[in-house]
Each structure stands twice: as structure tokens, then as C-alpha cells.
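Student: Sharing a structure with you now.
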Amino acid sequence: MLTFEKLTKSFGTKTAVDAVSLTIDRPMMVGVIGRSGAGKSTLLRMMNRLAPATSGSFTFEGRDITELRGRDIRAWQSDCAMIFQQFNLVPRMDVVSNVLHGTLNRRSTLATLFNLFPKDDIYRAIDILERLGIAENAAKRAEALSGGQQQRVAIARALMQDPKIILADEPIASLDPMNAQIVMDALRRIHEEDGRMILCNLHTLDTARRYCDRVIGMRDGRVVFDGTPDQLTTGVARDIYGAEADFSEEATSTDISVLNTARRARLETAS
Ligand SMILES: Nc1ncnc2c1ncn2[C@@H]1O[C@H](COP(=O)(O)OP(=O)(O)OP(=O)(O)O)[C@@H](O)[C@H]1O
Ligand SMILES: [Mg+2]
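According to full-length UniProt numbering, the residues represented by the sequence shown are 1 to 271, in order.
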């Protein structure tokens, strides 16, 4: 259903994504891992057409997305929703209006200008917020919510587009472990219940292992690992992260128990 064929993105002499070839043949939850600068965000931005590819192609259900122009790009962007580390909500606007902005792609400029939303859309927005457990915040300003709640509003906005794919660029990197878990649980549930494909850039190994069906490891713009969470051993991870002897799971973990175990081990060594 989704094929990358030598997809490449260069910035001047820097190759951020280097001839990535991959096939994903059914909707699944895919995690993309790799250290800072590996090319994870650039890969997602090309998929969503926020950035054009330099060469190669990316096809979805037989259509070459890299070839789309103008209105077709906007139509694709509503099929392929994106969520970001920093939520990208309008902070002073109420939650439900933020969610309704997920329908912008198919509304007239005039209606948008005056914030006129059809009643059915408003009910649907509230249903989606309900599903994500944050409907009681519908009338609050987005900025009044916690980070975890704001990210769920961003997910609701994405769902409003009824997308086939959700791309998430480090969706939990700004959240504490408890909120990170709530947000990842929500994404997983959306995948399982709706059958939507989710592609998620993640900083942490344990999150990729716990939530994803398939993990892609990137290093210097290339895919250096593509497999199941089981195949993602510490040795493989060391390879992906290009870490030297000081590599530890702790460095890429948001899991409280992993952190505590590591801390305890350090204390025991010290005493
Ligand atoms: N607009 C740009 N102009 C120039 N170079 C860029 C641009 N965007 C990304 N790069 C470079 O491309 C490489 C890949 O960047 P990218 O943001 O995709 O990495 P990443 O894996 O998402 O990293 P992080 O984990 O820090 O988010 C980096 O070397 C980065 O400096
Ligand atoms: Mg990034």
C-alpha cells in the first residue's frame, strides 16, 4: 500500500534522507527511530509533502505522491494527517475550534475567515474529543490544557480529517512519562479500532518496542534496520544510534522503571 523507492532529500551538499527504499503492505503502526539528525523528520515531511523530495518516489495505493501538484497536494494532506512534538494548536482558541480546523482543507476561505462551522462537524468534533477522553475541555482555550491533553487535541484535529495515515513527529518528546503513555495508548487504539496506518518518529527505544508492529532504524539518512520489535536487540540499537561504548537503554528511555533501575544500579556501584 505504501512504497518508498530510493526516496532522497538533500539540502545543499547534505543528504538528509539517502535513497530510502521500503514497502509497507498493510496498515500498521510503524516506529521510526534514530538519533538526532538521522533524517526522521525529513522523511515524514516528504511523505506529507511539507517538503518536496530531491529524487526517488513515494507511492500510496499506487499513486506517486512525489508527483502531486497544487490542489492534489492539499487533498493528499487531508488523507495524511500530521501531528508534531509541539502540538501546533492555536493557543488562545478554544479546543473545539482547534479540532474543527482539521476540516480546513475542504472548507471555503470565507467560512474559515468567520469561523463558521457546520453543526454536524461540531458534533463530530465533540464525539472525537469524547473518544480521546477530553470532551469536558471542549470550551477551554487550548493553552489552558496540560501538554498531554493538548497533544490529544492535536490527535482529535487529525482525526477530524478522517485520514488514512497519521504521521507523528516525536509526539511524546515534550511530555512526562505518564502523559506520554496516554498519548501513545490513544494512537495505538486509533490504529487498532480504525485500521489507520500510523507512522511515528520516536526518540526512545522502549516506546517503539512497546507500541509498534514494525520498527525502522535510521542513521545518517539511511535505513539501517527494518524489523519487528523482537529483532530490535541492544546490539542492533547500538548500531542504529551509532553509540560508542557508553550506549545504554537508559539514554533513549522515557520509561520510569528503566530509569529507576539504571539509577539504582549506579547507586549500588557507587557505594
Ligand atoms: N531545512 C533544512 N535545511 C538544511 N538542513 C536541514 C534542513 N532540515 C533538516 N536538515 C538537516 O538534515 C538532517 C536530518 O534532519 P532531520 O530533522 O530530518 O533529523 P531528525 O532525525 O528528525 O532529528 P531530530 O531527532 O533531532 O528531530 C540534519 O543534518 C539536519 O541538519
Ligand atoms: Mg526530527
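Idealized CB from N, CA, C, for every residue including glycine.
Within the same chain, show all residues whose beta-carbon is closer than 7 Å to that of L72, passing over the 5 residues directly before and after it, in chain order.
Tutor: The sequence position of residue 72 within the sequence shown is 72, counting from 1. This sequence places Asp at residue 72; Leu is not what is there. Around D72: no qualifying Cβ.
Student: What is the chain-ordered set of residues for which the beta carbon lies under 7 Å from any non-hydrogen atom of ligand 2?
Tutor: K40, S41, D169, E170, N201
Student: Identify every run of the alpha helix (DSSP H) within the stretch 186-211, keeping only runs that are complete inside it and at least 4 residues long; order them along the chain.
Tutor: 205-211
Student: Can you tell me the Cα-Cα spacing of N48 and V30, whole angstroms?
Tutor: Taking the first residue of the sequence shown as 1, we reach residue 48 at position 48. Taking the first residue of the sequence shown as 1, we reach residue 30 at position 30. Using only the alpha carbons, I get a separation of about 16 Å.
Student: Taking S174 as part of the beta strand (DSSP E), name the residues at either end of that continuous run.
Tutor: Mapped onto the sequence shown, residue 174 falls at position 174. Here S174 belongs to no beta strand (DSSP E), and DSSP marks it neither H nor E.
Student: Output the boundary residues of the beta strand (DSSP E) element that contains Q30.
Tutor: In the sequence shown, counting from the first residue as 1, residue 30 sits at position 30. It is worth fixing the name first, because residue 30 is Val in this sequence and not Gln. Element bounds for V30: 29-33.
Student: Suppose you measure from the CA of S55 to the CA of T23; what does that come to, to the nearest Å?
Tutor: Reading the sequence shown from its first residue, position 55 is the one you call residue 55. Reading the sequence shown from its first residue, position 23 is the one you call residue 23. Distance between the alpha carbons of S55 and T23 is about 17 Å.
Student: May I ask whether a heavy atom of ligand 1 can be found less than 7 Å away from the beta carbon of S36?
Tutor: For this step, residue 36 is matched to residue 36 along the sequence shown. At least one heavy atom of ligand 1 is nearer than 7 Å to the Cβ of S36, so yes.
Student: Note down the Cα distance separating K6 from P52, rounded to an integer number of angstroms.
Tutor: Stepping through the sequence shown from its first residue, residue 6 is reached at position 6. Stepping through the sequence shown from its first residue, residue 52 is reached at position 52. So the alpha carbons of these two residues sit roughly 14 Å apart.
Student: Check the C-beta distance from N88 over to A142 and give it rounded, since I have them as a contact under 8 Å.
Tutor: Taking the first residue of the sequence shown as position 1, residue 88 is located at position 88. Taking the first residue of the sequence shown as position 1, residue 142 is located at position 142. Wrong, their Cβ atoms sit about 10 Å apart, outside the cutoff.
Student: Could you tell me which uninterrupted alpha helix (DSSP H) segments, each at least 4 residues in length, are contained entirely in the stretch 66-140, listed from first to last along the chain?
Tutor: At a cut-off of 4 residues, the continuous stretches assigned as alpha helix (DSSP H) that sit fully inside the stretch 66-140 are 70-79, 95-100, 109-113, 119-131.
Student: Grab me the residues of T234's own chain with a C-beta within less than 6 Å of its C-beta, minus the 5 sequence neighbours each way, in chain order.
Tutor: As a first step, residue 234 is located in the sequence shown; it is residue number 234 there, counting from the start. Apart from the 5 residues on each side of it in sequence, T234 has no Cβ closer than 6 Å to any other Cβ in its chain.
Student: Among the candidates D18, W76, Q151, whose CA atom is the shortest distance from the CA of N98?
Tutor: As a position in the sequence shown, residue 98 is number 98, starting the count at 1. Answer by Cα proximity: Q151.
Student: Based on the DSSP secondary-structure assignment, which residues constitute the bridge partners of G227?
Tutor: Here residue 227 corresponds to residue number 227 of the sequence shown, with the count starting at 1. BP columns for G227 point to V215.
Student: What is the rounded straight-line gap between the Cα of V223 and the Cα of M197?
Tutor: If you number the sequence shown from 1, residue 223 lands on position 223. If you number the sequence shown from 1, residue 197 lands on position 197. Cα to Cα, V223 sits roughly 20 Å from M197.
Student: Under the criterion of a Cβ to heavy atom distance below 7 Å, does A16 qualify as lining ligand 1?
Tutor: Looking up residue 16 in the sequence shown gives position 16. Yes, since a heavy atom of ligand 1 falls inside the 7 Å radius drawn around the Cβ of A16.
Student: Would you call the stretch 218-232 and the stretch 30-42 touching, i.e. three or more CB-CB distances under 8 Å?
Tutor: With the cut-off at 8 Å, the stretch 218-232 and the stretch 30-42 touch.
Student: Kindly indicate which three-state DSSP category A156 falls into: helix, strand or coil?
Tutor: For the purposes of this step, residue 156 is taken as the residue at position 156 of the sequence shown. It is helical.
Student: Can you look up L43 in the DSSP assignment and give me helix, strand or coil?
Tutor: Taking the first residue of the sequence shown as position 1, residue 43 is located at position 43. Looking at L43 - three-state DSSP - the assignment turns out to be helix.
Student: Have a look at R157, T59, D220, T228 and flag the residue whose alpha-carbon is nearest the alpha-carbon of D206.
Tutor: To locate residue 206, count along the sequence shown from 1; it is residue 206. Taking the Cα of D206 as reference, the smallest distance to any Cα among R157, T59, D220, T228 is reached at T228.
Student: How would you call L116, buried or exposed, if buried means at least 16 neighbouring beta carbons within 10 angstroms?
Tutor: One-based indexing of the sequence shown puts residue 116 at position 116. With fewer than 16 other Cβ atoms within 10 Å, it is exposed.
Student: Which residues does DSSP pair with L7 in a beta bridge?
Tutor: Looking up residue 7 in the sequence shown gives position 7. Bridge partners of L7: V20.
Student: Closer than 8 Å by C-beta to L232: which residues in its own chain qualify, once you throw out the five before and the five after it? Chain order, please.
Tutor: Reading the sequence shown from its first residue, position 232 is the one you call residue 232. For L232, where only same-chain residues beyond five positions count, the Cβ hits under 8 Å are L205, A208, R209, V215, G217, F225.
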